[in-house]
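Those letters in the sequence shown? Residues 166 to 669, by the working numbering.
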Amino acid sequence: MAFAVLAGVSVLYTTPYGTGSGFDQATYIGAARNLLSGQGLSIPWGVDAGKSLTQFPPLFPVTLAAIGAAGVDPWQGARYVNAFLRIVDVLLAAAIALRIQPGILVAPLVTAFVLCCSVHMVFVFGSAWSEPLFLALALSSLYLLARFLESGSLRLLGACAVVMAAATLTRYVGLALVATGCIILLWRGRGPLAVRAPIAGGFGAIALLPLGLWFVRNAVVAGSIAGARTMGWHSLPTTQLTAGMFTLLDWIVPSAIASRFVTPQGEISAAGAGLVVAAILMGVFLALGHGRLLLVASPLSFVLLIFMVVYTVCVLASMLLFDDLTQLDSRILSPVYVCLAVLLGAYGGRALTDSWRSRRALRPALATVVALFVTAFGIRFGVLVHRLHTEGVMYSNLDWLTSPTMSGLSRLPGDATVFSNAPDAIYLLANRSVLEIPHEADTDSFLDQLQVALHDRAAPVVLVYFDDPNIAYREPVPPAVIANALSVHQLTAYPDGAMYEVSR
Numbered sequence: 166m167a168f169a170v171l172a173g174v175s176v177l178y179t180t181p182y183g184t185g186s187g188f189d190q191a192t193y194i195g196a197a198r199n200l201l202s203g204q205g206l207s208i209p210w211g212v213d214a215g216k217s218l219t220q221f222p223p224l225f226p227v228t229l230a231a232i233g234a235a236g237v238d239p240w241q242g243a244r245y246v247n248a249f250l251r252i253v254d255v256l257l258a259a260a261i262a263l264r265i266q267p268g269i270l271v272a273p274l275v276t277a278f279v280l281c282c283s284v285h286m287v288f289v290f291g292s293a294w295s296e297p298l299f300l301a302l303a304l305s306s307l308y309l310l311a312r313f314l315e316s317g318s319l320r321l322l323g324a325c326a327v328v329m330a331a332a333t334l335t336r337y338v339g340l341a342l343v344a345t346g347c348i349i350l351l352w353r354g355r356g357p358l359a360v361r362a363p364i365a366g367g368f369g370a371i372a373l374l375p376l377g378l379w380f381v382r383n384a385v386v387a388g389s390i391a392g393a394r395t396m397g398w399h400s401l402p403t404t405q406l407t408a409g410m411f412t413l414l415d416w417i418v419p420s421a422i423a424s425r426f427v428t429p430q431g432e433i434s435a436a437g438a439g440l441v442v443a444a445i446l447m448g449v450f451l452a453l454g455h456g457r458l459l460l461v462a463s464p465l466s467f468v469l470l471i472f473m474v475v476y477t478v479c480v481l482a483s484m485l486l487f488d489d490l491t492q493l494d495s496r497i498l499s500p501v502y503v504c505l506a507v508l509l510g511a512y513g514g515r516a517l518t519d520s521w522r523s524r525r526a527l528r529p530a531l532a533t534v535v536a537l538f539v540t541a542f543g544i545r546f547g548v549l550v551h552r553l554h555t556e557g558v559m560y561s562n563l564d565w566l567t568s569p570t571m572s573g574l575s576r577l578p579g580d581a582t583v584f585s586n587a588p589d590a591i592y593l594l595a596n597r598s599v600l601e602i603p604h605e606a607d608t609d610s611f612l613d614q615l616q617v618a619l620h621d622r623a624a625p626v627v628l629v630y631f632d633d634p635n636i637a638y639r640e641p642v643p644p645a646v647i648a649n650a651l652s653v654h655q656l657t658a659y660p661d662g663a664m665y666e667v668s669r
């Protein structure tokens, strides 16, 4: 309980200027604001402002709007929602670890400590993402699924289907939970296949019904079921996949060490390649020697293991078929991280307890290893928490809150058409309508958009560029390229950006 409370307090402590925000987060927050103002669940900014939200599922912005109904702005409300969910997620994970290893009190302590002091969870819960809510629903549903395997209670299975339905309305990848449930019911359910199949089918139908209705709504109001996502084959660069290896290593060792094997951009060294081969061989060895033990030792272990595999496959399939911009970072892989923390606590705690009880001569060595582990995790956690408390998170960072370029927006005419490489930041911090300067690959369509803006409005058309390296990956169309087709005049330059007026 203490670790859970500490984790929740850390969310509030690391976000003194507000919860972190970015492109997705601004959309969630803005959609919640629009819902509160009677505009429905709609897109808050950009060329599609006012159109129905379809890119993301509805549950998280609806949750923020529910908090907003009490008079709290959704941006501020997200901070308190995530602090509460941080406590819930740590408690759920610890309870599951204890369920896997009843009577081994070290198991929930290890899991709770790892999740509490995880720098990766600090970032996930310190921003207005939907992952915290998804994690709570995922852990709850997986627990209920395992309890059904133990008891055969259809009430538990029905509750599991309802919770999984809520998870799919939080993140579309919640479909991985439903797939996990159906696979497990077919594989490990009670009775012959003729009995298991209808149960799995009914379970899947209940779990998918709300999402199906949401997709129908999207198709009716917007003509697409999930925003701009369309099915098509996307070839992924190898570095995009190997970047996931950096994420896995970064879970174990500090980033400076992990980057010696593979960089965050996915560039792998010879040592990293050797590590991959060694990891594969070790995985095969463990699967052959101990895999069956994990599958039969506990229904919860089995459920968590299958979910991790299915979730990873679903993410990769989504990248290949729908969204090739997805990165295998700690946010996307956070459900895998949490499941691994549970299994580490359960089986690591059991091994530690057994060794402590049976091998007295090893106690000094075990105590030393535990002390080093706790110290390393604690220092890394403490340093990050202190830095974020001082500087803030993402757009709630002091650099953005005191941005000269952002302040300069107030001097633009109110009817000016503003384009920016940080439209999400302008929407949140300057509270004005804004359009996006897209990636340089979309230069032609952007020039057409500028031509339309110049033709339709007498008000000035202004480009606002921010130099924050954290958004450099967006690679917006540069002013020099626009100047080849239109007249571009620099209005002013700031230490962190510049503004340009565009004319014919």
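Glycine is no exception: its CB is placed at the ideal position from the N, C-alpha and C atoms. As the structure is a computational prediction, the values presented were derived from the model and not from experiment.
Only counting the same chain, and skipping five residues up and downstream in sequence, which positions put a Cβ closer than 6 angstroms to that of residue i?
{"i": "P476", "result": "The question names Pro, yet the displayed sequence has Tyr at residue 476. The residues are A341 and P500."}
{"i": "E315", "result": "P464"}
{"i": "A172", "result": "R251, V255 and C281"}
{"i": "I390", "result": "F380, N383 and A384"}
{"i": "T407", "result": "V427, G431 and I433"}
{"i": "V289", "result": "E296, R496 and S499"}
{"i": "C347", "result": "A365 and G369"}
{"i": "F278", "result": "F168"}
{"i": "D632", "result": "D661 and G662"}
For residue i, does the count of other Cβ atoms within 10 angstroms reach 16, so buried, or fall short, so exposed?
{"i": "S434", "result": "exposed"}
{"i": "H620", "result": "exposed"}
{"i": "H285", "result": "buried"}
{"i": "T555", "result": "exposed"}
{"i": "D613", "result": "exposed"}
{"i": "Q655", "result": "exposed"}
{"i": "G317", "result": "exposed"}
{"i": "S575", "result": "exposed"}
{"i": "M166", "result": "exposed"}
{"i": "R251", "result": "buried"}
{"i": "E640", "result": "exposed"}
{"i": "Y638", "result": "exposed"}
{"i": "R264", "result": "buried"}
{"i": "T192", "result": "buried"}
{"i": "T567", "result": "exposed"}
{"i": "W210", "result": "buried"}
{"i": "S175", "result": "buried"}
{"i": "G236", "result": "exposed"}
Quick test of your reading: residue i and residue j, contact by CB under 8 angstroms. State the CB separation rounded to the nearest angstrom.
{"i": "V642", "j": "T608", "result": "5 angstroms"}
{"i": "F426", "j": "L413", "result": "Going by Cβ atoms, the distance from F426 to L413 rounds to 10 angstroms, so no, they are not a contact pair."}
{"i": "L229", "j": "G215", "result": "In fact, because the Cβ distance is near 19 angstroms, the residues do not count as touching under 8 angstroms."}
{"i": "G291", "j": "T179", "result": "5 angstroms"}
{"i": "R353", "j": "F467", "result": "7 angstroms"}
{"i": "L374", "j": "A330", "result": "7 angstroms"}
{"i": "A332", "j": "S306", "result": "6 angstroms"}
{"i": "G573", "j": "Y659", "result": "6 angstroms"}
{"i": "V503", "j": "A258", "result": "6 angstroms"}
Looking only at DSSP bridge pairs, what is residue i linked to?
{"i": "H604", "result": "P641"}
{"i": "F584", "result": "L600 and L628"}
{"i": "E666", "result": "V627 and H654"}
{"i": "S292", "result": "G185"}
{"i": "V427", "result": "I433"}
{"i": "S575", "result": "For S575, which the question treats as bridged, DSSP gives no partner whatsoever."}
{"i": "G207", "result": "One detail in the question is off: residue 207 reads as Ser in this sequence, not Gly. Note: S207 sits in a beta bridge opposite S217."}
{"i": "Y659", "result": "G662"}
With respect to 6 angstroms, is the separation between the Cβ of residue i and the closest non-hydrogen atom of the ligand MN below this value?
{"i": "S499", "result": "This structure lacks the ligand MN, and indeed carries no ligand of any kind."}
Leaving out five residues before and five after residue i in sequence, what residues of the same chain have Cβ atoms less than 8 angstroms from its Cβ?
{"i": "L517", "result": "V271, V275, L531 and V535"}
{"i": "S520", "result": "L527 and L531"}
{"i": "Q204", "result": "G215"}
{"i": "L309", "result": "L321, L322, A324, C325 and V328"}
{"i": "L334", "result": "P222, P223, L224, P375, L376 and W379"}
{"i": "C479", "result": "V338, L340, A341 and A344"}
Give me, in chain order, the residues of the same chain whose beta-carbon lies closer than 7 angstroms to that of residue i; leave out the 5 immediate sequence neighbours on both sides.
{"i": "V253", "result": "A301"}
{"i": "A618", "result": "T582 and V626"}
{"i": "F299", "result": "A332, T335, R336 and G339"}
{"i": "D494", "result": "T412"}
**Report entry** Touch test, the stretch 485-493 against the stretch 243-252, Cβ-Cβ under 8 angstroms, three pairs minimum
**Finding:** A contact is defined here as three or more CB-CB pairs under 8 angstroms, and the stretch 485-493 fails this definition with respect to the stretch 243-252.
**Report entry** Stretch-stretch touch, CB-based, cutoff 8 angstroms, three pairs: the stretch 418-425 with the stretch 506-524
**Finding:** Counting Cβ pairs under 8 angstroms, fewer than three are found: no touch.
Query raised in the report: Can at least three beta-carbon pairs, one atom from the stretch 595-614 and one from the stretch 546-563, be found at a separation below 8 angstroms?
Result: Contact fails: fewer than three Cβ-Cβ distances are below 8 angstroms.
Query - Contact between the stretch 540-557 and the stretch 575-588 (3+ Cβ pairs under 8 angstroms) - result: Not touching, per the Cβ criterion.
Requested in this report: Assess, as a yes-or-no matter, whether the stretch 567-582 is touched by the stretch 626-640 under the definition of 3 or more beta carbon pairs within less than 8 angstroms.
Outcome: Yes, the stretch 626-640 touches the stretch 567-582.
Requested in this report: Check whether the stretch 354-370 touches the stretch 311-329, counting contact only when three or more Cβ pairs, one atom from each stretch, lie closer than 8 angstroms.
Outcome: Yes, they touch.
Requested in this report: Taking 8 angstroms as the threshold, find out whether the stretch 182-194 comes into contact with the stretch 233-240 through three or more Cβ pairs.
Outcome: Two segments are said to touch when three or more pairs of C-beta atoms, one from each, lie closer than 8 angstroms; by this definition the stretch 182-194 touches the stretch 233-240.
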